[in-house]
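The structure appears right after this line, and notes come after that.
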Amino acid sequence: MDLIHLHLHGLFRGKDLELGRDADTGGQTTYVLELVRALARQPGVDRVDVVTRLIEDRRISSGYARAEEVIAPGARILRFPFGPRRYLRKELIWPHLDELADRLAGHIERSARRPHWIHAHYADAGYVGALVSRRLDIPLVFTGHSLGREKLRRLLTAGQSREAIDQHYAISRRIDSEELALAQSSLVVTSTQQEITRQYARYGRFHPEQAEVIPPGVDLQRFHPPEPGDTFPALTKIFGSFLRNPALPPIVALSRADRRKNAPALLEAFGRSARLRSRHNLILVMGCRDDIRNTDREQREIFHQVFELIDRYDLYGQVAYPKAIDGQLVPSVYRWAAQLGGLFVNPALTEPFGLTLLEAAASGLPLVATDDGGPCDIIARCGNGMLTDVTDLDQLRAAIERVLADRSRWQAYASHGLEAVREHFSWQAHARRYLALASAVARQHTPLPIPALPQVATLPHLASSDRRLLICDLDVALREADAESLTALCRRIEQSRRHTAFGLSTGCGLLQARDRLEDLGLPQPDILITRSGTEIHYGENAVVDEVWRHNISQGWDRQTVAAALDDFGDRLSAQDQEHQGPFKISYLVDCADDAFYAAVQHRLRELDLPARPQLFDGRFLDVLPLNASKADAIRHLSRRWAIPLENILVVVSQQGDGDMLRGLPLGVVLVDHDPALDRLRQHRSVFFARRPRAWGILEAMDHYRFAQR
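So for the sequence shown, my numbering puts the first residue at 105; every next one is plus one.
Written as structure tokens, this is what we have:
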């Protein structure tokens, strides 16, 4: 059995995880690494690959630039380059995910063995996993870890504006990707029931019957209670530089410097309590920092809050806040705290699960934790601590005081935690249940039947071993081209025809496309992508690609989709019949804006309809099957005719066609383009022409040396 896991953001490697170095390298990183190790040890699992990002950046270890790294026998990390070489926070990798999807799909197709399923972790991986799953017909498993709708709810409650949230967190893109992943997934793995009922339930594409709760485990070889006579000289040295009396029972919090982790609230509760200040120390392990001036804005704000609170309550000598704790020392932190009769506190505003709670429990350290999220399940099952409303500082303070004041309660909590973790939270048990559920899903997966392909003999330009494909937009790009530039373009197309097929893409149907083709005097195309990517035709006889038609038809109900949009009748009017198609519903839009587009999208998701809206030029709205678009049609052509995506040049100029230029295909944006396409300037494989009309296409062909590639 071969498996692929996708974990794309943060810093991921097989040992010495840099947990807390930034907001992207936290509990999910540990979860994926431990899960993969556990799966590799299971009988019947031949290989487990973790796909992540290859990073070349002098600020981080060169190990993250290794294309392959062995984690354990049967498990490895595969790093793929996508986007710029430097390290990027997760909110900035969204524009580059299509490139990874293209690279990963190609890698799988070239491999001798296909994975039995792909497991995507978090929204970014969910997006890539959904694309690859759809293209290659491989089952998808999804774990969101932290969901965008929940984050949006909390940030809005905290008073931030939707615009500011979108600008910093790319929250709309994240939620869209989660919806796409849920629509494509055969199995959704969660850590708690609360995630299903209170978080995933907010998504229109979520099907509760596909969700399974599989709590993660803890490595009991690393995390265990202290032995009699244990000493901790390294920790004494680290914490002793902060504390007047290091022997006092410590209150420990371990998380990255993140607003959601809410460390300043714990510090303030401690500062307000004379009892805690006189009898305990506070230990704040907040990831890794060197110079806070080099951390991101949110981390800087957290650190400044911590420093200000220490000063306000005069907590010098009572609070330790080391710059970093070596990952190898983290288990010792729990044991040291347990030996001294301390307490572990998770003050997060919400916690999807809370692996650190299990680590503390396995070390014999009682808990006080947030009552929002995974800790509810953990403490209910383990009986090793108290839940509290961390937004109420008096409640948080009282809960901590209560656990620490009663030694018999403390000992009972410690004992209950040790027993429950061994019984309920092992990675071995997690891996066994995971494999049973995912294997059942894989067995139930029915591959799409593949109708017969058109004969290659009808397309001599696609029979070449060195295939290339030029695809021009027929609707706008060539609409006002002058005769001289068109003649030059036609000449170039004919000269390169031995290796380069010629294709056109359009939103209209076949008959209209042929009329426009004749008006422009263009050569007969080898490929016509019509009706916004829902139909593909080949050659002079316009042979229909039945494979593509069959693939996009799955689950599509045109009548139901059209009826779902009836309520928008005051803003939508159906276009003429010639613009409609069996897999395309076309409207004219009165005063389209982002809010209206979002409302249409929400309606389709709310009714769980496998359909997607696409807006062109702010006036034309097409609603297509969820897995149909011009961009998807290009990927289909690449696979069916064995044309590398890097050998496809796509010409666009109108809003809505930008998706065709994401990923690996070469692209050219013509001079008179819609301003919405300017966002593509950051893509290395997109060329912005300087010469007008068809001259811009020739300019791009020269730029890429396309005829000579």
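Note that the Cβ used here is the ideal one computed from N, Cα and C, for glycine as well.
With DSSP collapsed to three states, give me the class of residue i.
| i | result |
| --- | --- |
| residue 112 | coil |
| residue 715 | strand |
| residue 429 | coil |
| residue 390 | coil |
| residue 181 | strand |
| residue 186 | coil |
| residue 365 | helix |
| residue 775 | coil |
| residue 490 | strand |
| residue 498 | helix |
| residue 560 | Any reading at residue 560 must be qualified, since the residue scores a pLDDT of 47, below 50, and its modelled position is unreliable; the value itself is stated next. Here residue 560 sits in helix by DSSP. |
| residue 166 | helix |
| residue 194 | helix |
| residue 310 | coil |
| residue 322 | coil |
| residue 585 | coil |
| residue 655 | helix |
| residue 641 | strand |
| residue 119 | coil |
| residue 153 | strand |
| residue 704 | helix |
| residue 690 | strand |
| residue 844 | No answer is possible for residue 844: it lies beyond the span of the chain, which begins at 105 and ends at 813. |
| residue 261 | helix |
| residue 303 | helix |
| residue 473 | strand |
Excluding sequence positions up to five away, which residues of its chain have a Cβ less than 6 Å from the Cβ of residue i?
| i | result |
| --- | --- |
| residue 362 | 127 |
| residue 121 | 133, 431 |
| residue 170 | none |
| residue 183 | 156, 158, 171 |
| residue 561 | Low confidence applies to residue 561: its pLDDT is 46, below 50, so where it sits in the model is not reliable enough to give any reading. |
Return the first residue and the last residue of the alpha helix (DSSP H) that residue i is part of.
| i | result |
| --- | --- |
| residue 486 | 479-486 |
| residue 340 | 337-344 |
| residue 769 | Taken as a continuous stretch (DSSP letters only), residue 769 belongs to no alpha helix (DSSP H), as it is neither H nor E. |
| residue 466 | 459-466 |
| residue 202 | 201-214 |
| residue 724 | Taken as a continuous stretch (DSSP letters only), residue 724 belongs to no alpha helix (DSSP H), being part of the beta strand (DSSP E) at 724-729. |
| residue 140 | 131-144 |
| residue 315 | Looking at the DSSP string, residue 315 is not in any alpha helix (DSSP H); the run it does join, the beta strand (DSSP E), is 315-317. |
| residue 416 | 401-416 |
| residue 738 | 734-744 |
Output needed for residue i: all residues of its chain with C-beta closer than 7 Å, excluding positions within five of it in sequence on either side, in chain order.
| i | result |
| --- | --- |
| residue 606 | 574, 597, 627, 629, 630 |
| residue 620 | 578 |
| residue 140 | 109, 152, 154, 175, 179 |
| residue 451 | 357, 366, 367, 369, 370, 474, 494, 500 |
| residue 541 | 291, 316 |
Identify the continuous beta strand (DSSP E) that holds residue i and give its terminal residues.
| i | result |
| --- | --- |
| residue 805 | Counting along the chain, residue 805 falls outside any beta strand (DSSP E), though it belongs to the alpha helix (DSSP H) covering 797-808. |
| residue 517 | Premise fails: residue 517 lies in the alpha helix (DSSP H), 511-528, not in any beta strand (DSSP E). |
| residue 605 | 604-609 |
| residue 791 | 790-792 |
| residue 577 | 572-577 |
| residue 221 | 221-225 |
| residue 282 | First-last for residue 282: 275-288, but that is the alpha helix (DSSP H), not the beta strand (DSSP E). |
| residue 358 | 354-358 |
| residue 678 | 676-678 |
| residue 247 | 244-247 |
| residue 622 | Run containing residue 622: none in the beta strand (DSSP E); it sits in the alpha helix (DSSP H), 614-624. |
| residue 48 | Lying outside 105 to 813, the shown extent of the chain, residue 48 is not represented and no answer is given. |
| residue 753 | 752-756 |
With a 10 Å radius around its C-beta and 16 neighbouring C-beta atoms as the bar for buried, classify residue i as buried or exposed.
| i | result |
| --- | --- |
| residue 595 | exposed |
| residue 576 | buried |
| residue 736 | buried |
| residue 803 | buried |
| residue 570 | exposed |
| residue 586 | exposed |
| residue 695 | exposed |
| residue 551 | exposed |
The region 153-169 contacting the region 107-122, beta-carbon criterion three pairs below 8 Å: yes
For the 8 Å Cβ check, are there 3 or more pairs between the region 312-319 and the region 414-433? no
Are there three or more Cβ pairs, one per stretch, closer than 8 Å when the region 217-225 is compared with the region 261-278? no
Count the CB pairs spanning the region 702-717 and the region 659-677 that are closer than 8 Å, and state whether there are at least three. yes
Does the region 700-708 touch the region 671-681, meaning 3 or more C-beta pairs lie closer than 8 Å? yes
Tell me, please, whether the region 234-250 touches the region 288-306 by the rule of three or more beta-carbon pairs shorter than 8 Å. yes
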